[in-house]
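Student: Protein sequence lines correspond, in order, to chains A and B.
Per this note's numbering, the first sequence starts with residue 3, numbered consecutively.
Per this note's numbering, the second sequence starts with residue 548, numbered consecutively.
Beta carbons are placed, not taken as given, at the ideal position from N, Cα and C, and that holds for glycine.
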Amino acid sequence: MNDEIKMQQIHRRKRLYEAIFFGLFRIMGFMVVLILGFILCFITMKGIGVMSWEFITASPTDGLTKGGIFPAIVGTMCLIAGSMIFAFPIGVLSGIYTTEYAKTGKWVKFIRLMTNNLSGVPSIVFGLFGMSLFVNTLGFGDSILAGSLTLGLLVLPVVIRTTEEAILSIDDSFRHGSLALGATKLQTINRVVLPMAFPNIITGLILSIGRVSGETAPILFTVAAYFLPQLPTSIFDQVMALPYHLYVIATSGTNIEASRGIAYGTALVLIIIVLTLNLAANVIRNYIQKKIK
Amino acid sequence: MINVENINFYYGKFHALQNISMGMEANTITALIGPSGCGKSTFLRLFNRMNDLIPDTTLTGTVSIGGVDIYQKNVLVDDLRKRVGMVFQKPNPFPKSIFENVAYGMRVNGMNNKKIIAEKVEQALKHAALWDEVKDKLKKSAFAISGGQQQRLCIARALAVEPDILLMDEPASALDPISTSKIEELMFQLKEDYTIVIVTHNMQQAARVSDHTAYFYMGELIEYGETKKIFTNPDKKSTQNYVTGRFG
Ligand SMILES: Nc1ncnc2c1ncn2[C@@H]1O[C@H](COP(=O)(O)OP(=O)(O)OP(=O)(O)O)[C@@H](O)[C@H]1O
Ligand SMILES: [Mg+2]
Chain A
3 MNDEIKMQQI HRRKRLYEAI FFGLFRIMGF MVVLILGFIL CFITMKGIGV
53 MSWEFITASP TDGLTKGGIF PAIVGTMCLI AGSMIFAFPI GVLSGIYTTE
103 YAKTGKWVKF IRLMTNNLSG VPSIVFGLFG MSLFVNTLGF GDSILAGSLT
153 LGLLVLPVVI RTTEEAILSI DDSFRHGSLA LGATKLQTIN RVVLPMAFPN
203 IITGLILSIG RVSGETAPIL FTVAAYFLPQ LPTSIFDQVM ALPYHLYVIA
253 TSGTNIEASR GIAYGTALVL IIIVLTLNLA ANVIRNYIQK KIK
Chain B
548 MINVENINFY YGKFHALQNI SMGMEANTIT ALIGPSGCGK STFLRLFNRM
598 NDLIPDTTLT GTVSIGGVDI YQKNVLVDDL RKRVGMVFQK PNPFPKSIFE
648 NVAYGMRVNG MNNKKIIAEK VEQALKHAAL WDEVKDKLKK SAFAISGGQQ
698 QRLCIARALA VEPDILLMDE PASALDPIST SKIEELMFQL KEDYTIVIVT
748 HNMQQAARVS DHTAYFYMGE LIEYGETKKI FTNPDKKSTQ NYVTGRFG
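Encoded structure:
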């Protein structure tokens with residue numbers, strides 16, 4: 003009798019804890035969504051007013067207080083593409099190397115240490131480094147090339163890490179199944195490991211694109227132009243970029259009050275670009291996931 | 548066909564196989580039996596050098612197949628594995644379609660004639676007693692079939708490469724009695740062209756299908772001989788106890 007009451011109490015307590023913690027998790031989850039939603043709404047409401055065809059297709063005029071932001075959009079696109087062309091293959095290949103080929107040993111430990119340290123370095127330091135190496139020593143000047151390389155370096159650790167994690171999460175039994183059929187190691191990586199790891203590697207790409215498109219410090223001394231209405235014609239040209247343009251019109255424009263709306267509009271465009279690219283990457287990921295399943 | 552001489556195998560310092568010598572003839576089925584952890588899988592993996600993939604292991608002695616020492620420097624491991632197929636303890640199909648799973652071995656070995664691949668895929672699936680169940684969904688994912696079907700798919704996958712030797716590590720442990728007996732039937736058929744080494748915990752199965760049986764205990768080969776003898780009149784007491792189920 004006594005025992006039964008005790009059991010009931012224990013059960014009730016278990017259920018109570020269950021309820022409390024699930025509630026807590028749910029609240030936290032909602033909070034995150036809420037905060038994100040709030041930021042998006044805020045930027046959208048403030049920025050939607052200046053949105054027009056002209057805004058996204060024209061150059062800035064009247065001391066950055068009127069006109070559009072087209073050169074900055076093009077510039078940011080160039081930098082995203084340039085840095086990804088550089089960082090993605092190198093990052094993925096070195097991630098494959100450290101996980102599939104040099105599994106143990108000092109060399110790998112060293113690479114891991116370096117990549118981890120690299121991801122902790124403030125982005126302004128990358129900016130300075132990029133200026134000294136790419137702009138001055140290698141003589142690229144302030145250019146898309148120098149900026150892309152600097153941004154590429156910045157996100158390289160992210161790409162390497164996500165590649166490593168994607169590859170490490172694949173069970174060895176798949177590799178063994180392939181090798182036991184007479185496949186070489188390279189065939190196994192190409193035909194079994196990479197297709198399985200690809201969806202998660204894409205996550206690294208998404209994170210990198212977000213990072214690259216939003217950074218100001220690394221492009222400050224390597225590529226970004228204050229005002230440059232012409233579009234670039236080669237990788238050795240300077241460009242305007244959205245985050246830097248935003249910074250300029252919000253802090254040091256000719257008339258900060260007058261360009262407030264443009265600042266929010268620029269922010270909105272930046273967010274839309276990042277979200278669109280993420281969405282595209284997600285679509286690709288889902289497509290591939292469906293294909294390999 | 549297969550010849551093992553004075554094998555010792557170590558995982559780090561752990562002495563997993565101790566001084567084993569034995570031979571297996573072509574076109575026979577050899578069953579490896581013994582309690583869990585006695586080294587059957589380790590022994591089996593010597594023949595296609597899958598143990599090479601485990602770091603920090605040491606092997607001494609010689610393993611030869613068809614008179615060639617397979618651990619010689621100039622042996623190409625992927626060629627060896629093409630000739631010595633393996634079915635693993637746990638089914639491990641690739642996240643590809645059923646068809647592509649079976650075609651995989653042919654593709655990595657350089658075959659790209661679509662017609663031949665399709666023929667061999669069908670043949671292998673029929674051999675593995677799976678064809679009737681999957682013939683209408685060859686394009687479907689291999690993950691969308693049951694565990695037992697997956698295991699037969701893995702058998703088909705190994706057969707499609709047409710090896711000389713087939714290593715099977717408890718291939719029937721995830722199978723229902725009907726597919727188990729289908730697999731056993733298949734093994735009798737395969738014996739004409741293949742040499743089969745099978746690990747099994749099922750004494751009846753070992754007695755039914757194999758020509759020779761090897762009993763392992765704690766990394767040692769206790770007794771090896773004709774299956775009939777091992778099961779009816781073994782030389783060692785410990786073998787007797789194990790095959791009659793009086794063991795531990
Ligand atoms: N990768 C490994 N690293 C270290 N020790 C291992 C490894 N694989 C197996 N062993 C050890 O070697 C011994 C033999 O293992 P093995 O897998 O060959 O046994 P088994 O006879 O196949 O057992 P089971 O019937 O349970 O499959 C065991 O004691 C096991 O703990
Ligand atoms: Mg085993």
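Residue range of the beta strand (DSSP E) that residue 491(B) falls in?
Tutor: Since the first residue shown for chain B is 548 and the last is 795, residue 491(B) is missing from the structure and cannot be characterised.
Student: Considering only the beta carbon of each residue, do residue 786(B) and residue 762(B) sit closer than 7 Å?
Tutor: Closer than 7 Å, so yes.
Student: Using C-beta distances below 6 Å, list every residue in its chain close to residue 219(A), excluding the 5 sequence neighbours before and after it, in chain order.
Tutor: Closer than 6 Å at the Cβ level, and outside the excluded window around residue 219(A), lie 125, 126 and 129.
Student: Taking CB distances under 7 Å as the criterion, tell me whether residue 551(B) reaches chain A.
Tutor: No, residue 551(B) does not count as interfacial toward chain A.
Student: Whose Cβ in chain B lies nearer than 9 Å to the Cβ of residue 299(A)?
Tutor: This structure cannot speak to residue 299(A), because chain A is shown only from 3 to 295.
Student: Using C-beta distances below 8 Å, list every residue in its chain close to residue 629(B), excluding the 5 sequence neighbours before and after it, in chain order.
Tutor: If we look at residue 629(B) and ignore the five residues flanking it on each side, its Cβ neighbours are 652, 656, 708 and 710.
Student: Would you list the residues whose beta-carbon is nearer than 5 Å to any heavy atom of ligand 1, in the order they occur in the chain?
Tutor: That query returns the following residues: 558(B), 563(B), 583(B), 584(B), 585(B), 586(B), 587(B), 588(B), 589(B) and 601(B).
Student: Are residue 273(A) and residue 200(A) close, meaning C-beta to C-beta below 7 Å?
Tutor: No, the Cβ-Cβ distance between residue 273(A) and residue 200(A) is not below 7 Å.
Student: Taking its Cβ as the centre, do 16 or more other Cβ atoms sit within 10 Å of residue 198(A), making it buried, or is it exposed?
Tutor: Counting Cβ neighbours within 10 Å, residue 198(A) comes out buried, since at least 16 surround it.
Student: Short of 6 Å in beta carbon distance, which residues of its chain neighbour residue 756(B), apart from the five on each side in sequence? Order them along the chain.
Tutor: Cβ neighbours of residue 756(B) beyond the five flanking positions: 576, 731 and 734.
Student: According to a CB-to-CB cut-off of less than 7 Å, which residues of the stretch 642–658 of chain B neighbour chain A?
Tutor: From the stretch 642–658 of chain B, only 642, 643, 651, 652, 655 and 656 have a Cβ closer than 7 Å to chain A.
Student: Quick one: is residue 43(A) buried, meaning 16 or more other Cβ sit within 10 Å of its Cβ, or exposed?
Tutor: Exposed.
Student: For residue 558(B), write down the residues that DSSP places opposite it in a beta bridge.
Tutor: DSSP, once it has assigned bridges, lists 561(B) and 604(B) as partnering residue 558(B).
Student: Please specify which runs of the alpha helix (DSSP H), each continuous and at least 4 residues long, are wholly inside the stretch 53–94 of chain A, giving them in chain order.
Tutor: List check, alpha helix (DSSP H) in window: 55–59.
Student: So which residues on chain B does residue 176(A) lean against when the C-beta distance must stay under 7 Å?
Tutor: Under the 7 Å cutoff, chain B gives 639 and 641.
Student: Quick check on this structure: which residue in 738(B), 752(B) and 782(B) has the alpha carbon closest to the alpha carbon of residue 718(B)?
Tutor: The shortest C-alpha separation from residue 718(B) is found at 752(B).
Student: If you draw a straight line from the C-alpha of residue 754(B) to the C-alpha of residue 11(A), how long is it?
Tutor: Straight-line Cα distance between these residues: approximately 56 Å.
Student: Should residue 166(A) go down as buried or exposed, given a rule of 16 or more other Cβ atoms within 10 Å for buried?
Tutor: Answer is buried; the Cβ neighbour count reaches 16.
Student: Out of 73(A), 36(A), 30(A) and 168(A), which one is the CA nearest neighbour of residue 233(A)?
Tutor: Nearest C-alpha to residue 233(A): 73(A).
Student: Return the CA-CA distance between residue 251(A) and residue 76(A), expressed in angstroms with no decimal places.
Tutor: Answer to the nearest angstrom: the Cα atoms are 18 Å apart.
Student: Whose C-alpha, out of 759(B), 568(B), 550(B) and 646(B), is nearest the C-alpha of residue 680(B)?
Tutor: Of 759(B), 568(B), 550(B) and 646(B), the residue nearest in Cα terms is 646(B).
Student: When the distance is taken between beta carbons, is residue 49(A) closer than 7 Å to residue 270(A)?
Tutor: Yes, Cβ-Cβ distance for residue 270(A) and residue 49(A) is below 7 Å.
Student: So is residue 186(A) in contact with chain B if we call contact Cβ pairs under 7 Å?
Tutor: Output row for residue 186(A): interface = yes.
Student: Quick one: using the 10 Å Cβ neighbour count with 16 as the cut-off for buried, is residue 596(B) buried or exposed?
Tutor: Buried, by the Cβ-count rule.
Student: Is residue 656(B) near ligand 4, judged by its Cβ being under 6 Å from some heavy atom?
Tutor: As for ligand 4, it is missing from this structure, which binds only ligand 1 and ligand 2.
Student: What residues of chain A sit near residue 681(B), judged by a beta carbon separation below 8 Å?
Tutor: Within 8 Å Cβ-Cβ: nothing; residue 681(B) doesn't reach chain A, min ~16 Å.
Student: Is residue 235(A) helix, strand or coil when you go by DSSP?
Tutor: Reduced to three states, the DSSP call for residue 235(A) is coil.
Student: Step through the CB atoms of chain A and report whether any lies within less than 7 Å of the CB of residue 625(B).
Tutor: Output row for residue 625(B): interface = yes.
Student: Check the Cβ-Cβ distances between residue 746(B) and every residue of chain A, and say whether any is below 7 Å.
Tutor: With 7 Å as the cut-off, residue 746(B) does not count as an interface residue toward chain A.
Student: Buried or exposed: residue 217(A), going by 16 or more other Cβ atoms within 10 Å of its Cβ?
Tutor: Buried, since its Cβ has 16 or more Cβ neighbours within 10 Å.
Student: So residue 600(B) contacts chain A; which residues on that side make the cut at Cβ distance below 9 Å?
Tutor: Near residue 600(B) (Cβ distances below 9 Å), the residues of chain A are 174, 177, 178 and 181.
Student: Run down chain A in chain order and give the residues with a C-beta less than 7 Å from the C-beta of residue 708(B).
Tutor: Under the 7 Å cutoff, chain A gives 183 and 184.
Student: Chain B beta carbons: is any one of them nearer than 7 Å to that of residue 194(A)?
Tutor: Answer yes: the Cβ-Cβ gap between residue 194(A) and chain B drops below 7 Å somewhere.
Student: Identify the residues that DSSP records as bridge partners of residue 616(B): which are they?
Tutor: BP columns for residue 616(B) point to 611(B).
Student: Return no unless some Cβ of chain A is closer than 7 Å to the Cβ of residue 633(B).
Tutor: Closer than 7 Å: yes.
Student: For the alpha helix (DSSP H) containing residue 123(A), name the first residue and the last one.
Tutor: Premise fails: residue 123(A) is in no alpha helix (DSSP H) and is neither H nor E.
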